[in-house]
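Same order as they appear, the protein sequences are chains A and B. Under the working numbering, read the first sequence as residues 2 to 217, first letter to last. Under the working numbering, read the second sequence as residues 0 to 530, first letter to last. Think of the CB as a built atom: it goes at the ideal place given N, C-alpha and C, for glycine as much as any other residue.
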Amino acid sequence: MRTEWRPADDVLSGLPDAAPPAEAAGLDLRLAGERAADAGADPDAFARLVGAGIAAAGSSPDAETVRSVAVVAAWRAGALGFRGDALARISHALADDAPGPVAASLAAALALPVDALPGFVEGQRASPFHWPTGDGAPPLLAILGGFAGLGGPFVAAPEATGRRDDDGLPGIRTAEGWWLVEADAFGRRITACSDPFTEADLGWTVGGSYFVEVPA
Amino acid sequence: MRQTGGMARGRDRWSKVSESPTNIGTAATSEELTAEDLFAPESADELPFDEQLRQAYFWLVNRAVISPYYDIEFSHGEPLRIPLGDAGAELRLPTEQSYSSNVLMPLLTFAVGGKCLLIGGPGRGKTTLAVLMGVLAGLPSREVRRMVQQGQPQLTVSDLVGMPLPKDLVNADSLADIRIAWRDWLTGPVKIVDEYNRIPTKTQSALLTMVAEGYVESYDQMQRTAPENGVEAWFFTANDDAGGGTFPVIQALRDRIDVTVQTAGFNMRFFDELVTRIEAGERPEDHVPAELVFSAGDLATLPKAIRSVPVPRAVRRRLEFFAGQFEFVQHGGRRFEYRTKDSVATAGGRVADVIGANSGADLQVDPGSQTTTGLSVRNLQGLILYAKAMAFFRGSAEVTEDDLRAVAPFVLRGKLLPNDLHPAFESETGRELALDSATWVQELWDASVAEFRKLGLDDDDPVGDLLAAFEEGLDGLSAVEVSRRLTAVESAIRAIGDQKKLYGRHFDDLLALKYLHQRYANYQRWLASRS
Chain A
2 MRTEWRPADD VLSGLPDAAP PAEAAGLDLR LAGERAADAG ADPDAFARLV
52 GAGIAAAGSS PDAETVRSVA VVAAWRAGAL GFRGDALARI SHALADDAPG
102 PVAASLAAAL ALPVDALPGF VEGQRASPFH WPTGDGAPPL LAILGGFAGL
152 GGPFVAAPEA TGRRDDDGLP GIRTAEGWWL VEADAFGRRI TACSDPFTEA
202 DLGWTVGGSY FVEVPA
Chain B
0 MRQTGGMARG RDRWSKVSES PTNIGTAATS EELTAEDLFA PESADELPFD
50 EQLRQAYFWL VNRAVISPYY DIEFSHGEPL RIPLGDAGAE LRLPTEQSYS
100 SNVLMPLLTF AVGGKCLLIG GPGRGKTTLA VLMGVLAGLP SREVRRMVQQ
150 GQPQLTVSDL VGMPLPKDLV NADSLADIRI AWRDWLTGPV KIVDEYNRIP
200 TKTQSALLTM VAEGYVESYD QMQRTAPENG VEAWFFTAND DAGGGTFPVI
250 QALRDRIDVT VQTAGFNMRF FDELVTRIEA GERPEDHVPA ELVFSAGDLA
300 TLPKAIRSVP VPRAVRRRLE FFAGQFEFVQ HGGRRFEYRT KDSVATAGGR
350 VADVIGANSG ADLQVDPGSQ TTTGLSVRNL QGLILYAKAM AFFRGSAEVT
400 EDDLRAVAPF VLRGKLLPND LHPAFESETG RELALDSATW VQELWDASVA
450 EFRKLGLDDD DPVGDLLAAF EEGLDGLSAV EVSRRLTAVE SAIRAIGDQK
500 KLYGRHFDDL LALKYLHQRY ANYQRWLASR S
């Protein structure tokens, strides 16, 4: 899917310059990288974030820590499907009174300082687009979609926006039908969806091209 | 043992098999992912069956029979339609992966263990395609070619199934002592009968026993033809299915054919490949990549996996509604239950004339009046089985409306017969439909689904509600409640009866309501006898 997604500069920049080992604690990180990429993660970003997380975990991290680092890195690198598992693992690591080495490695996999982790989890619970920027301003601008002939999902141009009836998730209507849009601070998915939607103005710019602009 | 996806590829031009997933659409899910999805043991070496089937399909259309046709179309929403010329033609560009029927339907037949009739003029690759299915089942290509039964007017039952041993014929005291030298092809997983409409009627009857019952008899000896494990797939070829050939095909044998597929002509834009083959003296069946071949174990498991694909209730209801349109014919008999096309046909009447005599319904909006036949249980079983196979092939978790729509033209060809006197076939476009059974059946399906939606039967189905209430059981039902339900049944019957025009869809509803009335009335009598 060709989708432009322009998060705030500090979401994209500042990724650690680290390379992961091919394996850690008996787990195949090369294979995990391929699967994360299949799920929508940026392979280079995943490698850097996993490398940083493993390095922060010390010389011989246990298997569960490596799994947590990989899940968080995959989410942070753009694979939206790992969001739920990643947040659960971060919350679990923060459950102790004082953040331990696992929390430090997960913070590294997010490219955040460890003391920013509790605020980040809190902010993500409030909004999937939360990212701890300096001024707290809404940081994101997204351009979603694209023509199928150029690798995007749409054969016909988007005509309207709306929300899925059962859970209120946003959608885009084209002449072909409705498309479910899922997105957070790091990634996005657009999938054809036959569930019922109701048209609603989401404040997104629709019409005139195959892209939909999501304003900050 | 399952073949691996990582076997050596690219050995020659025949061996090229798609290395990337053949249906990326199936990966686009909105499921939640976990660490397990990153670190689960690698099982990529063992292709899932549906992926192996898709790879086989793409190898067949791109390498073996060169079939750049995409007449089985799938689209999310409406396809792009481009008008062509001034004669009403248009080319549709589907938005999802679409397929060539003359390759896909035989491949699905192979997968489910069905019976496929390939029709088309000589030299269009019917037998080659069938032979390729035999090779996919793991048989050497030379053996598959040898096992092809050539239909011809002098073909006897012994030619087909085998001879009694001459020694036994001389020495035997009873038929039971005569052993038969059964022919090898009888027990193969793929059976091919070429030009089956040139086989004498008596030999066709022997063939029917094999096709229908899975065994063959000769001199009081019986030979099982269906494999102990797994299923057998049958492929018949004929130059047409409109009654041509040396002998008429017996109706019972014709009815056992699950799908009928027309082979496509060769696209001359792909001529270079043909020249290359002639120069190299090669045949595609000699070059089937090993990773596409299904083992005996696979062939036992594959049909079970396909049959386990669920058909959701909403899809079943659409199929019920569609199939229910075709049996009823007003004036087909005096009693309501007998007003069917089958009653007319078995009494020697002409269904088209009886339909034409009905002034009580609008023929233009009645799909049932476009056919002279209804659908048999066997036809419906075929529809469901092939829809499951289509869903499985496309990597869907359950059968969709689109899967049924896609297979219906091939399952119902030769079974749902057009009423040539119907006004739908009179116009210029109507005459095109009379010649194009696939599109005609698909348009019937589309009209039926549109009507289903228009009637709002997903949400408002009084007969369905009454049946559902009955399904909950009669145990503990009070006399008052039974009486209330009887009244509800009677008023539902009256509500239908008050409509001036009756259509096929009302027929099954009315008979179902009568059934409910009987069951409740019997229960009411039993309650009364107890008190």
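Is the Cβ of residue i closer than 7 angstroms to any Cβ of chain A?
| i | result |
| --- | --- |
| phenylalanine 451(B) | no |
| leucine 456(B) | no |
| phenylalanine 409(B) | no |
| phenylalanine 57(B) | no |
| leucine 32(B) | yes |
| leucine 46(B) | no |
| leucine 37(B) | yes |
| threonine 300(B) | no |
Straight-line CA distance for residue i to residue j?
| i | j | result |
| --- | --- | --- |
| alanine 201(A) | aspartate 457(B) | 25 angstroms |
| leucine 318(B) | leucine 434(B) | 25 angstroms |
| glutamine 261(B) | glutamine 363(B) | 29 angstroms |
| alanine 487(B) | leucine 476(B) | 15 angstroms |
| alanine 157(A) | leucine 509(B) | 44 angstroms |
| valine 448(B) | tryptophan 205(A) | 35 angstroms |
| alanine 279(B) | histidine 286(B) | 13 angstroms |
| glutamine 96(B) | alanine 313(B) | 24 angstroms |
| glycine 373(B) | leucine 416(B) | 9 angstroms |
| arginine 190(A) | glycine 59(A) | 34 angstroms |
| aspartate 116(A) | alanine 96(A) | 14 angstroms |
| alanine 388(B) | aspartate 460(B) | 29 angstroms |
| alanine 129(B) | isoleucine 198(B) | 18 angstroms |
| arginine 144(B) | valine 192(B) | 11 angstroms |
| aspartate 464(B) | alanine 87(A) | 45 angstroms |
| tyrosine 315(B) | glutamine 324(B) | Residue identity check: residue 315(B) is arginine in the sequence provided, not tyrosine. Rounded to whole angstroms, arginine 315(B) to glutamine 324(B) spans 15 angstroms at the Cα level. |
| alanine 468(B) | arginine 504(B) | 21 angstroms |
| valine 218(A) | valine 103(A) | Nothing about residue 218(A) can be read from this structure; chain A reaches only from 2 to 217. |
| proline 152(B) | threonine 245(B) | 7 angstroms |
With burial defined as no fewer than 16 other Cβ atoms inside 10 Å of the residue's Cβ, what is the status of residue i: buried or exposed?
| i | result |
| --- | --- |
| leucine 131(B) | buried |
| threonine 202(B) | buried |
| phenylalanine 270(B) | exposed |
| alanine 266(B) | Here the sequence assigns asparagine to residue 266(B), which means alanine is not the residue at that position. When all chains shown are included, asparagine 266(B) counts as exposed. |
| leucine 498(B) | Going by the sequence as given, residue 498(B) is glutamine instead of leucine. Classification for glutamine 498(B): exposed. |
| tyrosine 98(B) | buried |
| glutamine 54(B) | buried |
| alanine 437(B) | buried |
Heavy atom of the ligand COA less than 6 angstroms from the Cβ of residue i, yes or no?
| i | result |
| --- | --- |
| alanine 304(B) | Within the structure as shown, the ligand COA is missing, as the structure has no ligands at all. |
Do we get a CB-CB distance below 7 angstroms when we pair residue i with the residues of chain B?
| i | result |
| --- | --- |
| arginine 68(A) | yes |
| aspartate 116(A) | no |
| phenylalanine 148(A) | no |
| phenylalanine 83(A) | yes |
| valine 72(A) | yes |
| aspartate 63(A) | no |
| aspartate 86(A) | yes |
| alanine 193(A) | yes |
Could I get the ranges of all uninterrupted alpha helix (DSSP H) runs contained in the region 405 to 449 of chain B, with 4 residues as the minimum, in chain order?
DSSP runs (the alpha helix (DSSP H)) wholly in the region 405 to 449 of chain B: 427 to 434.
* Could you give the uninterrupted runs of the alpha helix (DSSP H) lying entirely in the region 180 to 216 of chain B, keeping only those of 4 residues or more? -> As far as the region 180 to 216 of chain B is concerned, its whole alpha helix (DSSP H) runs of at least 4 residues are 200 to 212.
**Asked** For the region 25 to 54 of chain A, which residues have a CB atom closer than 8 angstroms to at least one CB atom of chain B, in sequence order?
**Response** Residues of the region 25 to 54 of chain A with a C-beta less than 8 angstroms from any C-beta of chain B: Leu28, Asp29, Leu32, Ala33, Arg36, Ala37, Asp39 and Ala40, listed in chain order.
* Any residues in the region 71 to 88 of chain B with a beta carbon nearer than 8 angstroms to a beta carbon of chain A? Which ones, in chain order? -> For the region 71 to 88 of chain B, residues whose beta-carbon sits nearer than 8 angstroms to a beta-carbon of chain A comprise Ser74, His75, Gly76, Glu77 and Leu79.
### Query
Closer than 8 angstroms, Cβ to any Cβ of chain A: which residues of the region 394 to 422 of chain B, in chain order?
Cβ contacts with chain A: none found.
Can you list, in chain order, the stretches of the alpha helix (DSSP H) that have 4 or more residues and sit fully within the region 64 to 111 of chain B?
-> Fully enclosed alpha helix (DSSP H) runs of 4 or longer: 100 to 111.
Item to complete: Give the residues from the region 154 to 184 of chain A that approach chain B closer than 8 angstroms (Cβ to any Cβ), ordered along the chain.
Response: Only Val156, Ala157, Thr175, Ala176, Glu177, Gly178, Leu181 and Glu183 from the region 154 to 184 of chain A bring a Cβ to less than 8 angstroms from some Cβ of chain B.
*Of all the alpha helix (DSSP H) runs that stay within the bounds of the region 276 to 339 of chain B, which reach a length of 4 or more residues?*
Counting whole runs of 4 or more residues, the region 276 to 339 of chain B contains the alpha helix (DSSP H) stretches 295 to 306 and 312 to 322.
- Query: Which parts of the region 105 to 166 of chain B are runs of the beta strand (DSSP E), unbroken and 3 residues or longer, counting only runs that do not cross its ends?
  - Reply: As summarised for the region 105 to 166 of chain B, the continuous beta strand (DSSP E) elements at least 3 residues long and confined to that stretch are 114 to 118 and 161 to 163, given in chain order.
So if I threshold CB-CB distances at 7 angstroms, which residues from the region 90 to 113 of chain B count as touching chain A?
Result list: Thr94.
Mind pulling the alpha helix (DSSP H) runs of 4 or more residues that sit fully within the region 36 to 68 of chain A?
Within the region 36 to 68 of chain A, the complete alpha helix (DSSP H) runs of at least 4 residues are 44 to 57.
query = Which ranges does the alpha helix (DSSP H) cover as unbroken runs of at least 4 residues, wholly within the region 458 to 483 of chain B, from first to last along the chain?
reply = Within the region 458 to 483 of chain B, the complete alpha helix (DSSP H) runs of at least 4 residues are 461 to 470.
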